[in-house]
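In mature numbering (1 follows the signal peptide of the UniProt record, and there is no 0), the protein residues as written are -19 to -1, 1 to 350. Built from N, CA and C at the ideal position, the CB exists for glycine as well.
What follows is the structure in structure tokens.
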């Protein structure tokens, strides 16, 4: 026991001295994660995984934010290299993020939200009761000539170009911050950003590129395409902003930050899904290929990844069982939503519940034959 405790103490001293993220392996995983009496958020990654590499700056930032929090530690393990650990925790894809709560380390909770600092801190807070660290960055992404390409790559971005002496910019600030809060759960889809031209960071390229002549100027970037920015010219109200972003980004947010009732639904598949769910089991097996093909066609658009994953899960349950998964899961999520959930957890539950309710509405007497 003494040797194990000493080994853990030395490991924690070295890793916290050199870096905020704890690097795990098969030899120290139990000591650091299971026996440390701390809440541990673990990223299971592979060295060849591009999504893992893209997540790394977020992981470092998250670790820095929690480095003075005694009850939370941020860690990672190469589960491709340490496959025994990965297999033990059911790791089938990378990156996978799991929270090991100190009072229930045997049942880690998998994170399914947007991979942003804001979403991850909300997730930790919701499940541990530990407040989000004050050092967590603003929800509005700070952009300049040096980082704009990287930040908006593969995403939509709604950007306010401002100056600190501008009265209209100051008036816009609280609305812009609220807009960023509304879309924090969609940070993998759309970035709410700001370029403050009077800050020390360079912004000459941005001003020249987008011909900025007045402040604030609001730009909408579609799918990271800086060559074809759209100038926003409608009223600068929260309701107009939300309507505009939803239309451009395909999101389904309301002004209170919640989700619309049809969030998560793939309406282009309604007829096919309705026929599939309402058919008898033998016919469903035949239709499953058609539904899968339709989902694969949507996947080619590089959209709807979460929706496609959950549709696929429900389709599998109706083909292979458990056949009562849909009603049971509806009951479970409705109970969960009656509790006080963090925004990220509420989004995740509502998203799944909307899809479940649609599938449930398609059930006919033939479904269970």
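So, at 8 Å on beta carbons, what are the nonlocal neighbours of residue 338 in its own chain, with the 5 sequence-adjacent residues on each side left out?
Position 357 of the chain shown, counted from the first residue, corresponds to residue 338. For residue 338, same chain residues with a beta-carbon under 8 Å away, outside a window of 5 residues either side, are 311 in chain order.
- What residue from 12, 122, 146 has the CA that sits closest to residue 83's CA? Taking the first residue of the chain shown as 1, we reach residue 83 at position 102. Selected option, being the one with the closest Cα: 12.
| contact_flag[the segment 46 to 60, the segment 21 to 38] where n(CB pairs < 8 Å) is 3 or more | Contact between the segment 46 to 60 and the segment 21 to 38 is present, because at least three Cβ pairs lie under 8 Å.
Check: By Cβ distance below 7 Å, which residues in the same chain neighbour residue 329 in space, the five residues on each side in sequence not counted?
Finding: Numbered from 1 along the chain shown, position 348 holds the residue referred to as residue 329. Excluding positions up to five away in sequence, the list reads 93, 94.
ask   = Is residue 277 helix, strand or coil by DSSP?
value = Residue 277 sits at position 296 when you count from the first residue of the chain shown. Secondary structure of residue 277 (DSSP, three-state): helix.
- Query: If you compare alpha carbons, which of 71, 133, 223, 262 is closest to residue 208?
  - Reply: Here residue 208 corresponds to residue number 227 of the chain shown, with the count starting at 1. When only C-alpha atoms are compared, the closest one is 133.
Exercise. Could you check the C-alpha separation between residue 2 and residue 254 for me, to the nearest Å?
Key: Residue numbering aside, residue 2 sits at position 21 when the chain shown is read from its first letter. Residue numbering aside, residue 254 sits at position 273 when the chain shown is read from its first letter. Answer to the nearest angstrom: the Cα atoms are 44 Å apart.
- Task: Starting from the C-beta of residue 85, find all residues in its chain whose C-beta is less than 8 Å away, skip the five residues before and the five after it, and write them out in chain order.
- Result: As a working mapping, residue 85 is identified with position 104 in the chain shown. Residues of the same chain with their beta carbon placed closer than 8 Å to that of residue 85 are lacking, with the five preceding and five following residues left out of the count.
Run of the beta strand (DSSP E) containing residue 174, from where it starts to where it stops: Taking the first residue of the chain shown as position 1, residue 174 is located at position 193. 171 to 177 is the extent of the beta strand (DSSP E) around residue 174.
Residue nearest to residue 343 in terms of C-alpha spacing, selected from 8, 277, 257, 305
Locating residue 343 in the chain shown gives position 362, where the first residue counts as 1. Minimum Cα distance to residue 343 is reached at 257.
Residues in the same chain with beta-carbon distance under 7 Å from residue 345, minus the five sequence neighbours each way, listed in chain order, please. If you number the chain shown from 1, residue 345 lands on position 364. Excluding residues within five positions, the ones whose Cβ falls inside 7 Å are 259.
Selected residue, minimal CA-CA separation from residue 219, among 236, 154, 189, 182
In the chain shown, the residue the question calls residue 219 occupies position 238. That would be 236, whose Cα lies nearest to the Cα of residue 219.
State the DSSP-derived secondary structure class of residue 201, mapped to helix, strand or coil. For the purposes of this step, residue 201 is taken as the residue at position 220 of the chain shown. Residue 201 falls in the strand class under three-state DSSP.
Ends of the beta strand (DSSP E) at residue 137? Within the chain shown, the letter at position 156 stands for residue 137. Residue 137 -> beta strand (DSSP E) spans 137 to 143.
At the level of alpha carbons, what is the spacing between residue 121 and residue 205? Residue 121 sits at position 140 when you count from the first residue of the chain shown. Residue 205 sits at position 224 when you count from the first residue of the chain shown. Spanning the alpha carbons of residue 121 and residue 205 requires a straight line of approximately 17 Å.
Return helix, strand or coil for residue 286, following the three-state DSSP convention. Mapped onto the chain shown, residue 286 falls at position 305. Per DSSP, reduced to three states, the secondary structure at residue 286 is helical.
Point to revise | Inter-residue Cα distance where the pair is residue 225 and residue 5 | key: Locating residue 225 in the chain shown gives position 244, where the first residue counts as 1. Locating residue 5 in the chain shown gives position 24, where the first residue counts as 1. For the pair residue 225 and residue 5, the Cα-to-Cα distance works out to about 44 Å.
| Which residues in the same chain as residue 246 place their Cβ atom closer than 7 Å to its Cβ, once the five residues preceding and following it in sequence are excluded? | One-based indexing of the chain shown puts residue 246 at position 265. Taken in chain order, the residues that qualify are 335, 336, 339.
Point to revise | Minimum C-alpha distance to residue 252 - residue among 267, 275, 240, 197 | key: As a first step, residue 252 is located in the chain shown; it is residue number 271 there, counting from the start. Residue 252 has its Cα closest to that of 275, out of 267, 275, 240, 197.
| query | Given 8 Å as the limit, is there contact between the segment 168 to 188 and the segment 263 to 279, that is, 3 or more CB pairs closer than that? | reply | Too few Cβ pairs lie closer than 8 Å, so no.
**Asked** Should residue 102 and residue 46 be called a contact, given that it needs their Cβ atoms to be closer than 8 Å?
**Response** Along the chain shown, read from residue 1 onward, the residue named residue 102 stands at position 121. Along the chain shown, read from residue 1 onward, the residue named residue 46 stands at position 65. Between residue 102 and residue 46, the gap from beta carbon to beta carbon is short of 8 Å.
Q.
As a quick exercise: from 34, 76, 156, 125, pick the residue whose alpha carbon is nearest that of residue 185.
A. Here residue 185 is taken as the residue at index 204 of the chain shown, counted from 1. It is 125 whose Cα lies nearest to the Cα of residue 185.
- Measure the C-alpha to C-alpha separation of residue 67 and residue 232 and round it to an integer number of angstroms. Locating residue 67 in the chain shown gives position 86, where the first residue counts as 1. Locating residue 232 in the chain shown gives position 251, where the first residue counts as 1. Rounded to whole angstroms, residue 67 to residue 232 spans 34 Å at the Cα level.
Rounding to the nearest angstrom, what Cα-Cα distance links residue 159 and residue 34 in this structure? As a first step, residue 159 is located in the chain shown; it is residue number 178 there, counting from the start. As a first step, residue 34 is located in the chain shown; it is residue number 53 there, counting from the start. If you take the alpha carbons of residue 159 and residue 34, they lie about 30 Å apart.
inquiry  = Only counting the same chain, and skipping five residues up and downstream in sequence, which positions put a Cβ closer than 7 Å to that of residue 271?
reply    = As a working mapping, residue 271 is identified with position 290 in the chain shown. Close CB contacts of residue 271 within its chain, under the 7 Å cut and outside five residues either way in sequence, are with 253 (chain order).
### Residue of 65, 32, 52 minimising C-alpha distance to residue 77
In the chain shown, counting from the first residue as 1, residue 77 sits at position 96. When only C-alpha atoms are compared, the closest one is 32.
Which residue spans inside the segment 79 to 125 form an unbroken alpha helix (DSSP H) run of at least 4?
Listed in chain order, they are 98 to 109.
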